[in-house]
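Enquirer: Read top to bottom, the protein sequences are chains A and B. If you're matching positions, the first sequence starts at 1087 in the working numbering and goes up one per residue. If you're matching positions, the second sequence starts at 5 in the working numbering and goes up one per residue. I'd like to ask you about the structure that follows.
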Amino acid sequence: MALEDIPLLGCGRHIDQLWATLHQPPTTHEQQCEQCKMARTSLQRLSEATRSLREQDLNDPALKPRPGITNAIMDVARAEIRRSKRIILGSTEEGTTEISEQALSALIRLAATAIPGVHSRRCHIEVRSSDPSPAGEDPRSRGTADAGPHLIINLRVAAAAGIDIPRTVQTLRQEISSAIPAGAGIRAEIINITVEDLYDV
Amino acid sequence: MNDHSLEPDLDEGSVVARAQDGDLSAFEHLVNTYQGRLFRLAYRMLKDRGDAEDIVQETLTISWRRLPMLTDVNAFGGWIYRLATNKCLDLLRKRSSHAADITDPEDIHAASETESLRPPAGIDPAHEAEWSAEQEGLTAVLDTLPPMQRACWLLREMHDRSYTEIGATLKMSPTAVRGTLARARHHIAEGMSQWR
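See the structure below:
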């Protein structure tokens, strides 16, 4: 389909051209051409009816789905919730301790809300157990300072346009770095932050 | 921690990204943002409340399942409109092939019995007065347009979607969208001048 498919008036003008300049004063041709005058009048009428239909539909209480729709959709979403992976925090003879990536992400996002100018987005967390023991070394003989898992957090964020990104991201990193031990008793070793988008304020 | 509320000024891309990570409150925010828009589109396409509600419910449920596959979070709006529009077009195709099969007079009566939002004459004078003749003419002519033209016109004029996005939805070039839209406006304007 090309421009020649756009309806033409007998005078050779495209309907499209008339529509584009509908809110401007008519050209000399449009003032004199009967077809253009008629077309302008009917398009102006359409433009006005379109505007008022849009307004009417937006505000018409009858043009909303029944209230139960949200619940029906959310029930399915809850039933099919995406289980995030679990991060093993420790393993002893009495059993393992795990935390879901989602729970930790929520903690991280909550911490991020304290920093103006950044919106947290997707968050992936990996865990690095204590460094693998060099061959022959008994892991029990190593100090306890480094014991426990080390988290590697990969957080994507959107930043407000115009902010000082390096400084804001560093503040965010510090906030997360203290929120994780405070909220879950785990140490975050590496916090990678990617600014993937800028949003207008 | 899924029940935490979202920051009030959160940009949509961030809401979508969180929903991709399985955050239910972020997804609920998207449901609340889009269900009314999708309903208005589906109702004007299908002229049937029940069918329009089914489209809204199916579209948003599918969006939850397919969200992780969406590569550009800022494309969510276009993507959800595309899903809903194509569902409407599919249903209209099914209806027209079904209508061709109808022979029983009772079925014909049932098929023509679609709900209308237009207030019946004399029922509610206040509402009736608000419903201008121009709008009535517009919606009546709109219903006579071929489905693709109607979808094109609704997406552009009622929902402000871009030519590129409408083109992706209706599988046509932005130039073809421009042509389809011009023909739709031409038909509606002509139809309205013959209305009454």
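Think of the CB as a built atom: it goes at the ideal place given N, C-alpha and C, for glycine as much as any other residue.
Assign A:A1231 to one of three DSSP states: helix, strand, or coil.
Expert: In the first sequence, counting from the first residue as 1, residue 1231 of chain A sits at position 145. With a pLDDT of 43 at A:A1231, under the threshold of 50, the modelled position of that residue is not reliable, and the figure given next carries that caveat. It is coil, neither helix nor strand.
Enquirer: Taking the beta carbon of A:H1109 as the centre, do at least 16 other beta carbons fall within 10 Å, making it buried, or is it exposed?
Expert: To locate residue 1109 of chain A, count along the first sequence from 1; it is residue 23. By the neighbour-count rule (16 or more Cβ atoms within 10 Å), A:H1109 is not buried but exposed.
Enquirer: Can you give me the Cβ contacts of B:E119 inside the same chain, cut-off strictly under 7 Å, excluding the 5 residues immediately before and after it?
Expert: The residue labelled residue 119 of chain B in the question sits at position 115 within the second sequence. Model confidence at B:E119 stands at a pLDDT of 41, short of 50, so the residue's coordinates are unreliable and nothing is read from them.
Enquirer: Closer than 8 Å, Cβ to any Cβ of chain E: which residues of the segment 1174–1204 of chain A, in chain order?
Expert: Among the chains of the structure shown, chain E does not appear; the protein chains present are A and B.
Enquirer: Please state the DSSP three-state secondary structure of A:A1189.
Expert: Taking the first sequence and counting its residues from 1, the one referred to as residue 1189 of chain A is at position 103. Residue state, collapsed to three classes: helix.
Enquirer: Name the chain B residues that come within less than 7 Å of A:K1150, Cβ to Cβ?
Expert: For the purposes of this step, residue 1150 of chain A is taken as residue 64 along the first sequence, with counting starting at 1. Residues of chain B passing the Cβ test: G40 and F43.
Enquirer: Less than 8 Å separating the beta-carbons of B:Q61 and A:I1211?
Expert: Walking along the second sequence from the start, residue 61 of chain B turns up at place 57. Walking along the first sequence from the start, residue 1211 of chain A turns up at place 125. No, the pair does not count as a contact, with Cβ atoms beyond the cut-off.
Enquirer: If you measure between the beta carbons of A:Y1285 and B:D25, is that distance less than 8 Å?
Expert: Counting from one through the first sequence, the residue named residue 1285 of chain A turns up at place 199. Counting from one through the second sequence, the residue named residue 25 of chain B turns up at place 21. No, they are not a contact pair.
Enquirer: Checking 8 Å against the spacing of the C-beta atoms, do A:I1173 and A:T1254 come in under that value?
Expert: Here the question's residue 1173 of chain A lines up with position 87 in the first sequence. Here the question's residue 1254 of chain A lines up with position 168 in the first sequence. Not a contact, by the Cβ cut-off of 8 Å.
Enquirer: Are there three or more Cβ pairs, one per stretch, closer than 8 Å when the segment 152–172 of chain B is compared with the segment 76–89 of chain B?
Expert: yes
Enquirer: DSSP puts A:R1273 in a beta bridge; with which residues?
Expert: The residue given as residue 1273 of chain A occupies position 187 in the first sequence. Looking at the DSSP assignment, A:R1273 forms a beta bridge with A:H1236.
Enquirer: Quick one: residues in its chain with C-beta nearer than 8 Å to the C-beta of B:P12, no 5 flanking neighbours on either side, listed in chain order?
Expert: Reading the second sequence from its first residue, position 8 is the one you call residue 12 of chain B. Contacts found: none.
Enquirer: Just the chain A side, please: which residues come within less than 8 Å of B:E11 by C-beta, in chain order?
Expert: The count along the second sequence starts at 1 and reaches residue 11 of chain B at position 7. Result: T1199 and H1205.
Enquirer: Mapping the DSSP letters down to three states, classify A:C1209 as helix, strand or coil.
Expert: Numbered from 1 along the first sequence, position 123 holds the residue referred to as residue 1209 of chain A. It is a strand residue.
Enquirer: Just mark A:L1144 as buried or exposed, buried being the case when its beta carbon has 16 or more other beta carbons within 10 Å.
Expert: To locate residue 1144 of chain A, count along the first sequence from 1; it is residue 58. The residue in question, A:L1144, is exposed, as its Cβ has fewer than 16 Cβ neighbours within 10 Å.
Enquirer: Report the residue from A:L1190, A:N1240, A:P1147 and A:R1131 whose alpha carbon sits nearest the alpha carbon of A:L1175.
Expert: The residue given as residue 1175 of chain A occupies position 89 in the first sequence. The shortest Cα separation from A:L1175 among A:L1190, A:N1240, A:P1147 and A:R1131 belongs to A:L1190.
Enquirer: Verify whether the separation of the beta carbon atoms of B:A180 and B:Q153 is less than 8 Å.
Expert: For the purposes of this step, residue 180 of chain B is taken as the residue at position 176 of the second sequence. For the purposes of this step, residue 153 of chain B is taken as the residue at position 149 of the second sequence. Their beta carbons are not under 8 Å apart, which means B:A180 does not touch B:Q153 by this criterion.
Enquirer: Taking all protein chains shown into account, decide if A:L1276 is buried (16 or more other Cβ within 10 angstroms of its Cβ) or exposed.
Expert: Locating residue 1276 of chain A in the first sequence gives position 190, where the first residue counts as 1. Residue identity differs from the one stated: residue 1276 of chain A is Ile in this sequence, not Leu. Classification for A:I1276: exposed.
Enquirer: Comparing alpha-carbon positions, which option in B:Q139, B:Q39 and B:K91 lies nearest A:R1137?
Expert: Position 51 of the first sequence, counted from the start, is the residue given in the question as residue 1137 of chain A. The candidate whose alpha carbon is nearest that of A:R1137 is B:Q139.
Enquirer: For A:A1268, which residues of its own chain have a beta-carbon under 8 Å away from its beta-carbon, when the five flanking residues on both sides are left out?
Expert: Looking up residue 1268 of chain A in the first sequence gives position 182. If the five residues before and after A:A1268 are omitted, its C-beta is found closer than 8 Å to no C-beta atom of its own chain.
Enquirer: Check whether the segment 69–78 of chain B touches the segment 89–105 of chain B, taking contact to mean three or more Cβ pairs, one atom from each stretch, closer than 8 Å.
Expert: no
Enquirer: Check the Cβ-Cβ distances between A:L1129 and every residue of chain B, and say whether any is below 8 Å.
Expert: If you number the first sequence from 1, residue 1129 of chain A lands on position 43. Taking Cβ atoms only, chain B reaches closer than 8 Å to A:L1129, which makes this a yes.
Enquirer: Pull up the distance between the alpha-carbon of A:R1140 and that of B:M176, whole angstroms please.
Expert: Sequence index remark: in the first sequence, residue 1140 of chain A carries index 54 (1-based). Sequence index remark: in the second sequence, residue 176 of chain B carries index 172 (1-based). Approximately 25 Å between the Cα atoms of the pair.
Enquirer: Tell me the DSSP bridge mates of B:V77?
Expert: For this step, residue 77 of chain B is matched to residue 73 along the second sequence. Its beta-bridge partners do not exist; DSSP assigns none.
Enquirer: Distance check for A:C1122 and B:A144, CA to CA, integer angstroms please.
Expert: For this step, residue 144 of chain B is matched to residue 140 along the second sequence. For this step, residue 1122 of chain A is matched to residue 36 along the first sequence. The alpha-carbon atoms of B:A144 and A:C1122 are separated by roughly 25 Å.
Enquirer: With 16 other CB atoms within 10 Å as the buried threshold, where does B:T148 fall?
Expert: On the second sequence, residue 148 of chain B is found 144 positions in, with the first residue counted as 1. Classification of B:T148: exposed, given that the 10 Å Cβ count is below 16.
Enquirer: For chain A, check one thing: does any of its Cβ atoms lie closer than 8 Å to the Cβ of B:Q24?
Expert: Taking the second sequence and counting its residues from 1, the one referred to as residue 24 of chain B is at position 20. Interface residue, yes.
Enquirer: Nearest by alpha-carbon distance to A:A1192: which of B:G17, B:D27, B:V19 and B:V20 is it?
Expert: Position 106 of the first sequence holds residue 1192 of chain A. Ranking the options by Cα distance to A:A1192, first place goes to B:D27.
Enquirer: Could you tell me the boundaries of the alpha helix (DSSP H) in which A:G1154 lies?
Expert: Within the first sequence, numbered from 1, the residue matching residue 1154 of chain A stands at position 68. Looking at the DSSP string, the run of the alpha helix (DSSP H) that includes A:G1154 is G1154 to A1165.
Enquirer: If we call anything under 8 Å between Cβ atoms a contact, is B:L146 one with B:R41?
Expert: Here the question's residue 146 of chain B lines up with position 142 in the second sequence. Here the question's residue 41 of chain B lines up with position 37 in the second sequence. Contact flag unset, no.
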